[in-house]
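Undergrad:
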Amino acid sequence: MNRRLRVIALLMVVVAAAGAAWVFAATRPASPVTDAVLEIRWHGNGIILQGAVRDAATQHVLVEGATARLGGEADQVVDWLDIAPAAPPIADAASLGSLINLGQEGWHLQRHATEAWLAVRSPDDERSTQARQLLQRAFGPQVAIRLIPLS
Numbered sequence: 004m005n006r007r008l009r010v011i012a013l014l015m016v017v018v019a020a021a022g023a024a025w026v027f028a029a030t031r032p033a034s035p036v037t038d039a040v041l042e043i044r045w046h047g048n049g050i051i052l053q054g055a056v057r058d059a060a061t062q063h064v065l066v067e068g069a070t071a072r073l074g075g076e077a078d079q080v081v082d083w084l085d086i087a088p089a090a091p092p093i094a095d096a097a098s099l100g101s102l103i104n105l106g107q108e109g110w111h112l113q114r115h116a117t118e119a120w121l122a123v124r125s126p127d128d129e130r131s132t133q134a135r136q137l138l139q140r141a142f143g144p145q146v147a148i149r150l151i152p153l154s
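Structure (structure tokens):
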């Protein structure tokens with residue numbers, strides 16, 4: 004009987020640990036399946052900022068751009084930006100803030116070390132052309148910029 008109680012207690016500990024791990028994983032942002040350093044998604048009535056920036060001033064500019072885009076609704080901005088001095092530089096944070104403000108539902112930006120792509124509704128329209136210019140200013144001439152159609 005004593006052995007049976009030990010087995011039951013061990014099973015309860017394993018189940019409790021699995022439950023705690025599941026709760027912890029569910030409350031953290033999902034790990035990106037890409038090597039994106041910075042990711043911005045416009046969806047629903049919100050904007051998600053995820054990844055790493057070099058300093059708090061850049062983080063602040065991006066959050067302000069998202070808040071402005073949402074008409075001041077700061078609670079609709081999800082800020083999962085980490086401050087990491089080793090993150091790739093942003094040449095002009097104000098341009099990236101303007102891009103966030105310009106963005107539309109469904110847009111999705113991923114910045115990688117040497118390239119960035121932005122998924123837009125129509126890569127050839129005026130808004131997308133303006134977005135490309137803002138991205139190039141934001142990330143600098145050393146980063147290749149691509150616009151791709153939303154899928």
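Residue 30 in our numbering is what sits at position 27 of the sequence shown, and the numbering runs on without skipping anything. Ideal placement from N, C-alpha and C gives every residue a C-beta, glycine not left out.
Using only alpha-carbon positions, find the residue among Arg6, Ser131, Leu52 and Asp58 that is nearest to Ile93.
TA: Taking only the C-alpha atoms, the option nearest Ile93 is Asp58.
Undergrad: Helix, strand or coil: which one does DSSP assign to His111?
TA: Note: His111 maps to strand in three-state DSSP.
Undergrad: Compare the C-alpha of Asp128 against each of Ile151, Val146 and Ala119 and name the closest.
TA: Here the closest residue by C-alpha is Ile151.
Undergrad: My output table needs one value for Val64: the three-state DSSP class, helix, strand or coil.
TA: Reduced to three states, the DSSP call for Val64 is helix.
Undergrad: Under a three-way DSSP split, which group does Glu118 fall into?
TA: In the structure shown, Glu118 sits in a strand (DSSP, three-state: E or B).
Undergrad: Per DSSP, which residues does Leu150 bridge with? Please list them.
TA: Beta-bridge pairing links Leu150 to Leu121.
Undergrad: Between the stretch 108 to 117 and the stretch 37 to 47, do three or more beta carbon pairs fall short of 8 angstroms?
TA: Yes, they touch.
Undergrad: Please go through the same chain and pick out, in chain order, the residues whose beta-carbon is closer than 8 angstroms to the beta-carbon of His46, but skip the five residues on each side of it.
TA: Same-chain partners within the cutoff: Glu108 and Gly109.
Undergrad: Please list, in chain order, all residues of the same chain as Asn171 whose beta carbon is under 6 angstroms from its beta carbon, the five residues on each side excluded.
TA: The first residue shown for the chain is 4 and the last is 154, placing residue 171 beyond what the model contains.
Undergrad: Considering only their Cβ atoms, is the gap separating Leu153 from Ala134 smaller than 7 angstroms?
TA: Taking 7 angstroms as the Cβ cut-off, Ala134 and Leu153 do not qualify as a contacting pair.
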